[in-house]
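Everything below concerns the one structure shown next.
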Amino acid sequence: MEQSSVARLEEREFRKLSQFIEREVGIKMPPAKKILLESRLQKRLRIHSHRDFREYCDFLFEQNDRQELVEMIDAITTNKTDFMREPAHFDFLVEKALPDVVRGKGHINLWSAACSTGQEPYNLAMFMEEFRERASSCVEYSIRATDISKSCLQKGRNALYSLKDIEDVNLEFKKKYFLKSRDPKSDQVKIKSHIRSRVNFQSINLMKDDYGLKETYDIVFCRNVLIYFDRKNQHEVIGRISSHMNLGAYLFLGHSESMAGMNSGLTSVASSIYKKT
Ligand SMILES: C[S@@+](CC[C@H](N)C(=O)[O-])C[C@H]1O[C@@H](n2cnc3c(N)ncnc32)[C@H](O)[C@@H]1O
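Residue numbers for the sequence shown follow our numbering, beginning at 5 and rising by one.
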């Protein structure tokens with residue numbers, strides 16, 4: 005394929021790729037997403053100098069190139085995230101959920117499932133610090149941050165963000181939880197080490213039967229990922245997540261996601277927030 009030319013994704017290859025993506029990653033791939041898939045995978049074809057999608061699919065599926073499967077998944081996932089995204093969730097967390105789950109406990113576990121590039125789990129650590137300060141609580145905590153995307157997890161581990169990324173963070177939080185670069189020209193900030201050390205990143209595909217998690221959780225954020233899955237996969241993922249939650253634990257979904265009509269053993273306690281009862 006020439007550098008500037010665009011490889012067309014034909015029906016046959018689209019079917020192969022979309023079926024694989026739906027089965028392995030859970031992301032729905034109806035025909036309307038053909039153009040999106042075509043454009044997101046152009047770079048992968050270029051990197052391997054494949055002339056067309058047929059060659060790329062042979063390489064991917066027939067040679068079963070595991071490394072390329074990981075890169076392909078990276079290329080097709082939507083990783084949009086922000087600090088302070090859906091802030092009402094953090095208010096509920098500090099005012100209602102934490103006072104409830106912390107009662108009588110010395111340590112709690114939090115999980116940001118589908119954490120993208122780390123803003124959500126670091127935000128959770130910041131609000132845990134706020135809660136401990138406000139409630140004069142000594143409760144300890146650990147945060148597991150998981151995603152399927154290798155490059156997102158790496159970015160999360162690096163904990164480096166741009167000044168633009170922290171636009172919506174208030175000044176007090178900026179001072180307390182972010183370090184400015186010593187280079188005055190740099191536009192990068194780093195999460196402070198006392199926050200970084202609370203968050204452990206790990207690769208987990210929510211579609212797999214076994215997440216390999218040893219601990220159970222008191223607070224789970226699984227926001228803005230179920231929206232990409234069909235109803236059956238949503239139901240199964242919620243069931244698996246719920247099996248890793250303690251009784252009384254809270255699950256936060258994205259504002260546009262709902263478990264209405266699902267028999268999950270979780271009770272709705274506020275908009276897009278559920279409790280294991
Ligand atoms: C739109 S981001 C949401 C990030 C964050 N939770 C938020 O609300 O800001 C969706 C994330 O889900 C991840 N994802 C998609 N399919 C997944 C799967 N099967 N298992 C785990 N993560 C997945 C993507 O890699 C992406 O980082």
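We put the beta carbon where it would ideally sit given N, CA and C, even for glycine.
Check: Determine which residues share a DSSP beta bridge with V203 and list them.; Outcome: I147
Check: Do you know offhand how far D213's Cα is from G269's?; Outcome: 19 Å
Check: Are Q148 and Q123 touching if we call contact CB-CB under 9 Å?; Outcome: Strictly speaking, residue 148 in this sequence is Arg, with Gln absent from that position. Against a cut-off of 9 Å, the Cβ pair of Q123 and R148 comes out as no contact.
Check: Looking only at its chain, what residues have a beta carbon closer than 8 Å to the beta carbon of S246, apart from the 5 residues adjacent to it on each side?; Outcome: L255, S268, G269, L270 and K280
Check: Can you say whether N174 is buried or exposed, counting buried as having 16 or more other CB atoms within 10 angstroms of its CB?; Outcome: exposed
Check: Determine, using beta carbons only, whether L41 and I25 come nearer to each other than 9 Å.; Outcome: yes
Check: Enumerate in chain order the residues of its own chain whose CB-to-CB distance from H295 is below 6 Å, with the five nearest sequence positions on each side excluded.; Outcome: The chain is shown only over 5 to 281; residue 295 falls outside these bounds and no answer can be derived.
Check: Near Y221, which residues of its chain fall below 7 Å by C-beta distance, leaving aside the five closest residues on each side in sequence?; Outcome: N113, L114, W115, H248, M249, N250 and A253
Check: Where does Q192 sit, in a helix, a strand or coil, going by DSSP?; Outcome: strand
Check: Is any non-hydrogen atom of ligand 1 found closer than 8 Å to the C-beta of L21, if you look at the structure I gave you?; Outcome: no
Check: Find the nearest neighbour of P35 within the set T150, L13 and I208, judged by alpha-carbon distance.; Outcome: L13
Check: Excluding the 5 residues preceding and the 5 following F177 in the sequence, name in chain order all residues of the same chain whose CB lies nearer than 8 Å to its CB.; Outcome: M130
Check: Kindly indicate which residue of I242, Q46, F87 and Y60 has the alpha-carbon position closest to the one of L164.; Outcome: F87
Check: Contact between the segment 136 to 150 and the segment 200 to 216: three or more CB pairs below 8 Å?; Outcome: yes
Check: Do R244 and Y215 have their beta-carbon atoms positioned less than 9 Å apart in this structure?; Outcome: yes
Check: Assign F87 to one of three DSSP states: helix, strand, or coil.; Outcome: coil
Check: In this structure, what does DSSP give as the bridge partners for N113?; Outcome: S146
Check: Return helix, strand or coil for D222, following the three-state DSSP convention.; Outcome: strand
Check: Could you tell me whether the segment 71 to 83 touches the segment 153 to 168, where touching means 3 or more Cβ pairs closer than 8 Å?; Outcome: yes
Check: DSSP has F256 in a bridge; who is on the other side?; Outcome: F225 and I277
Check: In terms of alpha-carbon separation, which member of F96, G265, F225 and D169 lies closest to C119?; Outcome: F225
Check: Checking 9 Å against the spacing of the C-beta atoms, do F57 and E28 come in under that value?; Outcome: no
Check: Is L210 closer than 9 Å to V229 when the C-beta atoms are compared?; Outcome: yes
Check: What three-state label does DSSP hand K184 in the structure shown?; Outcome: strand
Check: By alpha-carbon positions, which one of K179, N162 and I231 ends up nearest to R200?; Outcome: N162
Check: Compare the beta carbon distance of E133 and Y181 with 9 Å and say whether it is the shorter of the two.; Outcome: yes
Check: Take F135 as the anchor and find which of D234, G160 and V105 has the nearest alpha-carbon.; Outcome: V105
Check: So for N174, helix, strand or coil by DSSP?; Outcome: coil
Check: Would you decide whether A139 is buried or exposed? Buried here means 16 or more other CB atoms lie within 10 Å of its CB.; Outcome: exposed
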